[in-house]
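A.B. asks: Using our numbering, you'd call the opening residue of the sequence shown number 43 and step up by one each time.
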Amino acid sequence: MNQSANNRMNKISEQGLCAGCGICQSIAGPDKIKVVKSVNGYERPVIIGDLDNDTVEKIFNICPGTRIEGLPTKEITPATRIDKVWGPWLRISRAWAGDPKTRFEGSTGGVLTALAQFLLKDQRVDFILHTKASFKEPTFGERYLSFSEADVLDTGGSRYGPSAPLIDIDKILARGQPFAFIGKPCDIAALRNLAHYDDRVNKLVKYWLTPVCGGFMNPSSIDAFVLRSEVKLENLTSLRYRGQGCPGPTRIETADEVKDLNYLDFWGEDASSWDLPFRCKICPDGIGEAADIAASDTWIGGSPTRESSKNDPGTNAIVARTSVGLELMEAAAKAGAINIEYDITPEDMSAYQPHQMRKKYAAHDRHQGLGDEDQIVPITDRLRISVLADELSESDRQYQREGTRSRVRSGKTTEPTPKEFE
Ligand SMILES: Cc1cc2nc3c(=O)[nH]c(=O)nc-3n(C[C@H](O)[C@H](O)[C@H](O)COP(=O)(O)OP(=O)(O)OC[C@H]3O[C@@H](n4cnc5c(N)ncnc54)[C@H](O)[C@@H]3O)c2cc1C
Ligand code: SF4
Ligand code: SF4
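#1: Starting from the N-terminal side, write out each stretch of the alpha helix (DSSP H) that is 4 residues or longer and does not extend beyond the stretch 174–258.
#2: Does ligand 2 have a heavy atom nearer than 6 Å to the CB of Ile230?
#3: With a threshold of 8 Å, are at least 3 pairs of Cβ atoms found where one atom belongs to the stretch 84–99 and the other to the stretch 350–361?
#4: Using 8 Å for Cβ pairs, my map puts Arg424 next to Leu113. What's the rounded Cβ distance?
#5: Run the CB neighbour count on Ser176, radius 10 Å, all protein chains shown included, and call it buried at 16 or more, exposed below.
#6: So who's on the other strand from Asn358, going by DSSP bridges?
#7: So what's Tyr84 in DSSP terms, helix, strand or just coil?
#8: Write down the C-beta distance between Ala222 and Ile170 rounded to the nearest angstrom, noting that I regard them as a contact closer than 8 Å.
#9: Do the CB positions of Ile294 and Ser271 come within less than 7 Å of each other?
#10: Mind checking Asn353: buried by the 16 CB within 10 Å criterion, or exposed?
#11: Roughly how many angstroms lie between the CA atoms of Gly107 and Arg321, to the nearest whole one?
#12: Looking only at its chain, what residues have a beta carbon closer than 7 Å to the beta carbon of Glu457, apart from the 5 residues adjacent to it on each side?
#13: Name the two residues that bound the continuous beta strand (DSSP E) containing Arg109.
#14: According to DSSP, what are the bridge partners of Thr292?
#15: Given this structure, state the Cα-to-Cα distance separating Ser200 from His409, to the nearest angstrom.
#16: Give me the Cα-Cα distance between Ile124 and Ala313, rounded to the nearest whole angstrom.
#17: Would you call the CB atoms of Thr296 and Val273 closer than 7 Å?
#18: Can you give me the start and stop residues for the beta strand (DSSP E) that Ala337 sits inside?
#19: Could you check the C-alpha separation between Tyr441 and Val194 for me, to the nearest Å?
#20: Just checking Lys323 against ligand 3 - is the residue's beta carbon closer than 6 Å to any of the ligand's heavy atoms?
#21: Which runs of the alpha helix (DSSP H), 4 residues or longer, sit entirely within the stretch 414–450?
Here it is, written out as structure tokens:
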């Protein structure tokens with residue numbers, strides 16, 4: 043057994059950098075790594091076979107815990123504008139799904155669902171690779187292939203638990219069929235990194251779509267939420283985090299009852315109460331810089347209020363970053379698949395997403411803090427995080443750096459070695 047290769051692989055999880063995307067299982071093979079629910083409740087890579095140094099090196103170059111890059115330079119055109127916070131963009135608009143049912147079912151305004159349906163209806167792709175609620179673990183998401191518009195509608199709504207959409211990407215690429223990928227920004231980063239090794243990625247992935255992502259929730263806090271709602275975890279059959287309105291109810295189901303709670307009962311009243319995995323706290327790209335289109339909410343300040351969440355039909359902000367994304371957005375609007383309300387600016391995005399702006403400024407010094415404590419420092423490129431950090435005052439920079447150092451020293455970033463949960 044190559045213990046040093048195994049130890050190096052485990053460090054990604056032990057140092058709190060794993061985002062749970064699943065791609066390392068596909069790279070190493072399911073006989074070597076299984077990305078499954080681990081003892082701490084997260085999906086983590088459990089080593090079950092012998093790893094070699096080359097495989098682990100390849101994983102380090104592809105894993106979004108260790109490498110995150112912005113939009114590939116070949117996608118930047120003379121018309122591309124690059125906002126220092128929001129990155130490359132061609133057009134930013136407020137929009138929602140043209141079909142009222144899709145708008146209702148979707149997480150925000152159903153735009154990602156509507157675009158995916160349009161791609162299938164227009165026969166631009168054979169299927170959509172994305173995430174759906176898991177039957178096995180009702181609080182999790184799991185990777186799903188949609189071949190019809192009805193399939194896509196079934197996946198609407200954000201999943202705030204772990205999900206590993208890239209767990210068998212090798213098999214999906216081996217189908218040789220064109221497809222669209224919808225994944226969180228870290229999932230997009232992983233698949234873009236794989237493209238450096240595997241030509242099939244750029245040949246077959248025709249569209250890259252992402253929700254703007256502030257992080258998912260620590261699974262133990264999700265379980266605590268279910269218990270607080272007076273439902274035993276073993277009785278839980280479904281947890282729908284949002285959708286059916288914007289954000290819609292957070293719906294807990296058992297065989298005997300359905301409980302509708304408020305989105306703010308789940309997340310808390312504002313961003314300061316979000317219980318996120320450590321990887322999400324240091325995320326250098328929650329805004330989907332490497333996607334063709336990133337879609338977000340449009341609540342000023344980043345959260346709904348209890349009052350506004352009652353009757354909001356849902357309006358997305360959509361950032362078209364590439365010419366492929368812009369063409370898709372405009373063709374979908376022409377066909378009535380989405381309605382574009384009006385165009386907006388990066389400054390509007392910052393008003394909707396102050397937490398994303400704050401994290402973008404803080405990410406570089408948080409990463410420096412990791413280096414100070416001899417932790418793995420994620421490699422980043424084309425995300426402007428050091429340029430943004432330079433705009434902060436020296437005391438703010440120290441605060442971010444020291445904050446990370448003290449988290450590491452107090453063990454808050456440390457996770458157990460991945461081991462299958464029984
Ligand atoms: C973890 C997470 C964090 C988020 N944080 C923010 C935020 O900081 N700011 C903000 O504005 N919005 C955030 N969102 C919500 C996001 O705004 C909406 O998902 C986005 O606006 C798209 O809305 P929609 O109505 O078009 O989505 P829908 O039409 O409902 O489509 C959602 C799509 O996302 C996929 N999906 C759902 N959950 C996951 C998941 N966990 N991993 C991978 N793919 C998934 C589904 O398969 C589906 O294709 C977050 C979503 C998630 C999943
Ligand atoms: S982020 Fe993805 S590739 Fe990296 S260790 Fe976790 S599951 Fe594996
Ligand atoms: S915040 Fe970053 S690391 Fe966390 S789920 Fe979102 S994109 Fe992935």
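The beta-carbon is built from N, C-alpha and C at its ideal position, and this holds for glycine as well.
C.D. replies: Result, derived from the coordinates:
#1: 191–195, 211–216, 227–237 and 242–246
#2: no
#3: no
#4: 7 Å
#5: buried
#6: Ala137
#7: coil
#8: 5 Å
#9: yes
#10: exposed
#11: 7 Å
#12: Ser55, Glu56, Gly58 and Asn82
#13: Arg109 to Glu111
#14: Leu303
#15: 28 Å
#16: 26 Å
#17: yes
#18: Ile335 to Ser338
#19: 44 Å
#20: no
#21: 427–432
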